[in-house]
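Novice: 13 is the number of the first residue of the sequence shown in the working numbering; add one for each residue after it.
Glycine included, C-beta positions come from ideal geometry on N, C-alpha and C.
Below are the structure tokens for one structure; questions will follow.
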Amino acid sequence: MSDSLLKVEDLVIHFETEDGTVEAVNGINIELAKGRTLGLVGETGAGKTTTALSLLKLVPTPPGVVKFGRIHLDGVDVMNTSEKDMEKLRGNIVSMIFQDPMTALNPVITVGDQIAEAIMIHQKVSVAEANEKAKEMLEIVGIPGARSGEFPHQFSGGMKQRVVIAIALSCSPKLLIADEPTTALDVTIQAQVLELMKDLKIKYEMAMLLITHDLGVVAEVCDDVAIMYAGRVVEQGSLREIFKNTKHPYTEGLFNSIPNIDSRKAELKPIRGLMSDPYNLPKGCTFCDRCDYALEICKTEKPKRIDFSETHFSECHLYNDSLDFQLDINKTED
Numbered sequence: 013m014s015d016s017l018l019k020v021e022d023l024v025i026h027f028e029t030e031d032g033t034v035e036a037v038n039g040i041n042i043e044l045a046k047g048r049t050l051g052l053v054g055e056t057g058a059g060k061t062t063t064a065l066s067l068l069k070l071v072p073t074p075p076g077v078v079k080f081g082r083i084h085l086d087g088v089d090v091m092n093t094s095e096k097d098m099e100k101l102r103g104n105i106v107s108m109i110f111q112d113p114m115t116a117l118n119p120v121i122t123v124g125d126q127i128a129e130a131i132m133i134h135q136k137v138s139v140a141e142a143n144e145k146a147k148e149m150l151e152i153v154g155i156p157g158a159r160s161g162e163f164p165h166q167f168s169g170g171m172k173q174r175v176v177i178a179i180a181l182s183c184s185p186k187l188l189i190a191d192e193p194t195t196a197l198d199v200t201i202q203a204q205v206l207e208l209m210k211d212l213k214i215k216y217e218m219a220m221l222l223i224t225h226d227l228g229v230v231a232e233v234c235d236d237v238a239i240m241y242a243g244r245v246v247e248q249g250s251l252r253e254i255f256k257n258t259k260h261p262y263t264e265g266l267f268n269s270i271p272n273i274d275s276r277k278a279e280l281k282p283i284r285g286l287m288s289d290p291y292n293l294p295k296g297c298t299f300c301d302r303c304d305y306a307l308e309i310c311k312t313e314k315p316k317r318i319d320f321s322e323t324h325f326s327e328c329h330l331y332n333d334s335l336d337f338q339l340d341i342n343k344t345e346d
């Protein structure tokens, strides 16, 4: 990918605790081009947030340990960058919207001062200029600049999320990481925040990594999708490839778990069982115990990457040319 902004290769992250080693991320590969949005999808415990924190070198150490991997962000080798240089990178080149806007803001500092602080750290401006820019950022996210002197408790959940977005975008980063940005919001406010993020992405010509478990949000915002399970990307492709030409049984299970709005009588088909224990991952495919198509080889050997196109791949034994049995999970075209 010649216009690549972010490239993650073979990233492995463990959390070494007294109870044992949690294998959180197990050889993940991600590539994101400038101006595109990648949705990182998976259930709780898949390793999505740990992956995102590693991009900013914020994995808590201890107990977190980056065992192996390479991360290149806008030409910078993140793994070999000093903490002082990372401080310049965070907010300026890459910003992150954290999961809970209720706790992301300091309750005893005005929202204007919190935005202005981010601006002054990364840009050589006076306090007055930073305060003025903070008001402009509030206006951009749909909040009157006159409210910059108010405290977080004076804002609703949706408006707090807008303030967090304003902080993240205050220095015009090239990459925005959004970790479950609409989880705590009701449906109406969620739609408004998603529309705002799409508009601002175009306005600032940013790339975006959107972490979510909601495939509806993915369909609304993303260009590409990576399905993550037990610390691995088990399937990745364009939005259309993932939604219309599903290849991995786990991805199929996620789609089957979505309620059918066209038929009230249709039953949900939840994925049986629970995700593998990260303290003791199985020798073979980590999804084997929950998979309806599992083969004997799935219990003993980890599946290799199978490419279906330049952008679409899956890690699954069901497409291995050396096996007699193959599966083709295809969705009906609209």
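Would you mind working out which of Gly-59, Cys-234, Tyr-241 sits nearest Glu-253, comparing C-alpha positions?
Specialist: Working through the sequence shown from its first residue, we reach residue 253 at position 241. Of the listed residues, the one whose Cα sits closest to Glu-253 is Cys-234.
Novice: Which residues bound the alpha helix (DSSP H) around Leu-169?
Specialist: Working through the sequence shown from its first residue, we reach residue 169 at position 157. Looking at the sequence shown, residue 169 is not Leu but Gly. 169 to 181 is the extent of the alpha helix (DSSP H) around Gly-169.
Novice: For the stretch 185 to 193 against the stretch 116 to 130, are there 3 or more C-beta pairs whose distance is under 8 Å?
Specialist: As far as the Cβ criterion goes, the stretch 185 to 193 does not touch the stretch 116 to 130, which means the pair count is below three.
Novice: How would you call Gln-166, buried or exposed, if buried means at least 16 neighbouring beta carbons within 10 angstroms?
Specialist: Start at 1 with the first residue of the sequence shown, and residue 166 comes out as number 154. Exposed, because fewer than 16 other Cβ atoms sit within 10 Å of the Cβ of Gln-166.
Novice: With distances taken Cα to Cα, identify the nearest neighbour of Ser-107 among Asn-38, Lys-213, Glu-55, Lys-259.
Specialist: Position 95 of the sequence shown holds residue 107. That would be Lys-213, whose Cα lies nearest to the Cα of Ser-107.
Novice: What is the DSSP secondary structure of Leu-212, reduced to helix, strand or coil?
Specialist: Residue 212 sits at position 200 when you count from the first residue of the sequence shown. Leu-212: helix per DSSP, three-state reduction.
Novice: Closest to Thr-49 by C-alpha separation, out of Thr-56, Ser-275, Gly-249, would be which residue?
Specialist: Here the question's residue 49 lines up with position 37 in the sequence shown. Taking only the C-alpha atoms, the option nearest Thr-49 is Gly-249.
Novice: What do you get for Thr-56, buried or exposed, if any count of 16 or more other CB atoms within 10 angstroms of its CB means buried?
Specialist: What you label residue 56 is simply residue 44 of the sequence shown in a count that begins at 1. With fewer than 16 other Cβ atoms within 10 Å, it is exposed.
Novice: From the DSSP output, read off the bridge partner residues of Asp-236.
Specialist: The residue labelled residue 236 in the question sits at position 224 within the sequence shown. Partner(s): Leu-50, Ser-250.
Novice: Answer yes or no: do Gly-81 and Val-20 have a C-beta to C-beta separation smaller than 8 Å?
Specialist: Numbered from its first residue, the sequence shown carries residue 81 at position 69. Numbered from its first residue, the sequence shown carries residue 20 at position 8. Their beta carbons are under 8 Å apart, which means Gly-81 touches Val-20 by this criterion.
Novice: Just list the alpha helix (DSSP H) runs in the stretch 73 to 135, keeping only unbroken ones of 4 residues or longer that don't cross its boundaries, in chain order.
Specialist: You should have 95 to 101, 113 to 116, 123 to 134.
Novice: Below 6 Å CB to CB, which residues in the same chain sit around Ile-309 once its five sequence neighbours on both sides are set aside?
Specialist: In the sequence shown, residue 309 corresponds to position 297, counting from 1. Cβ neighbours of Ile-309 beyond the five flanking positions: His-329.
Novice: Verify whether the separation of the beta carbon atoms of Gly-285 and Ala-36 is less than 8 Å.
Specialist: By 1-based counting over the sequence shown, the position of residue 285 is 273. By 1-based counting over the sequence shown, the position of residue 36 is 24. In this structure, Ala-36 does not lie closer than 8 Å to Gly-285 by Cβ.
Novice: On the criterion of 16 or more Cβ atoms from any shown chain inside 10 Å, does Gly-54 qualify as buried, or is it exposed?
Specialist: By 1-based counting over the sequence shown, the position of residue 54 is 42. Buried, since its Cβ has 16 or more Cβ neighbours within 10 Å.
Novice: Assuming Met-209 contacts Ile-177 (C-beta within less than 8 Å), just tell me the rounded distance between them.
Specialist: The residue you call residue 209 lines up with position 197 of the sequence shown. The residue you call residue 177 lines up with position 165 of the sequence shown. Right, the Cβ-Cβ distance comes to about 7 Å (below 8 Å), so this counts as a contact.
Novice: Under three-state DSSP, which class holds Leu-70?
Specialist: Taking the first residue of the sequence shown as position 1, residue 70 is located at position 58. Correct three-state label for Leu-70: coil.
Novice: Cα-Cα, which of Ser-275, Thr-200, Thr-323 is closest to Met-171?
Specialist: Sequence index remark: in the sequence shown, residue 171 carries index 159 (1-based). Nearest C-alpha to Met-171: Thr-200.
Novice: How far does the beta strand (DSSP E) with Glu-43 in it extend, from its first residue to its last?
Specialist: The residue you call residue 43 lines up with position 31 of the sequence shown. Here the beta strand (DSSP E) through Glu-43 covers 32 to 45.
Novice: Between the beta-carbon of Phe-163 and the beta-carbon of Lys-259, is there less than 8 Å?
Specialist: As a position in the sequence shown, residue 163 is number 151, starting the count at 1. As a position in the sequence shown, residue 259 is number 247, starting the count at 1. No. Outside cutoff.
Novice: Taking C-beta to C-beta, are Pro-294 and Ser-288 nearer than 8 Å?
Specialist: Taking the sequence shown and counting its residues from 1, the one referred to as residue 294 is at position 282. Taking the sequence shown and counting its residues from 1, the one referred to as residue 288 is at position 276. Yes, these two residues count as a Cβ contact at 8 Å.
Novice: Mapping DSSP to helix, strand and coil, what is Asp-346?
Specialist: Here residue 346 is taken as the residue at index 334 of the sequence shown, counted from 1. Here Asp-346 scores only 46 on pLDDT, less than 50, and its place in the model should not be relied on; the value that follows carries that caveat. In the structure shown, Asp-346 sits in coil (DSSP, three-state: anything other than H, G, I, E or B).
Novice: Might you give, ordered along the chain, the residues of its own chain that have their beta carbon closer than 8 Å to the beta carbon of Ala-45, omitting 5 neighbours on each side?
Specialist: The residue given as residue 45 occupies position 33 in the sequence shown. So the list reads Met-13, Asp-15, Ser-16, Leu-17, Ala-219, once near-sequence residues are dropped.
Novice: How would you label Ser-326, buried or exposed, when you count the other beta carbons within 10 angstroms and need 16 or more for buried?
Specialist: Here residue 326 refers to the residue found at position 314 when the sequence shown is read from its first residue. Looking at its Cβ environment, which holds 16 or more other Cβ atoms inside 10 Å, Ser-326 is buried.
Novice: From Asp-31, Glu-43, Pro-261, pick the residue whose C-alpha is nearest to that of Leu-67; which is it?
Specialist: Numbered from 1 along the sequence shown, position 55 holds the residue referred to as residue 67. Considering only alpha carbons, the answer is Glu-43.
Novice: How many Å lie between Leu-221 and Leu-52 at the Cα?
Specialist: By 1-based counting over the sequence shown, the position of residue 221 is 209. By 1-based counting over the sequence shown, the position of residue 52 is 40. The alpha-carbon atoms of Leu-221 and Leu-52 are separated by roughly 7 Å.
Novice: With burial defined as no fewer than 16 other Cβ atoms inside 10 Å of the residue's Cβ, what is the status of Glu-264: buried or exposed?
Specialist: Taking the sequence shown and counting its residues from 1, the one referred to as residue 264 is at position 252. By the neighbour-count rule (16 or more Cβ atoms within 10 Å), Glu-264 is buried.
Novice: Look up Met-149 in the DSSP assignment and say whether it is helix, strand or coil.
Specialist: In the sequence shown, counting from the first residue as 1, residue 149 sits at position 137. Looking at Met-149 - three-state DSSP - the assignment turns out to be helix.
Novice: CB-CB under 7 Å to Lys-147, same chain, minus the five flanking residues each way: which ones, in chain order?
Specialist: As a first step, residue 147 is located in the sequence shown; it is residue number 135 there, counting from the start. Once the five neighbours on either side are set aside, the close Cβ partners of Lys-147 are Gly-124, Gly-157, Ser-160.
Novice: Excluding five sequence neighbours on each side, which residues of the same chain lie with their C-beta closer than 8 Å to the C-beta of Ser-269?
Specialist: The residue given as residue 269 occupies position 257 in the sequence shown. So the list reads Leu-280, Lys-281, Pro-282, Ile-283, once near-sequence residues are dropped.
Novice: In the DSSP output, which residue or residues are listed as bridge partners for Ala-219?
Specialist: Start at 1 with the first residue of the sequence shown, and residue 219 comes out as number 207. DSSP, once it has assigned bridges, lists Leu-187 as partnering Ala-219.
Novice: Buried or exposed for Ala-180, please, with buried defined as at least 16 other CB atoms from any protein chain shown within 10 angstroms of its CB.
Specialist: As a working mapping, residue 180 is identified with position 168 in the sequence shown. Buried: at least 16 other Cβ atoms inside 10 Å.
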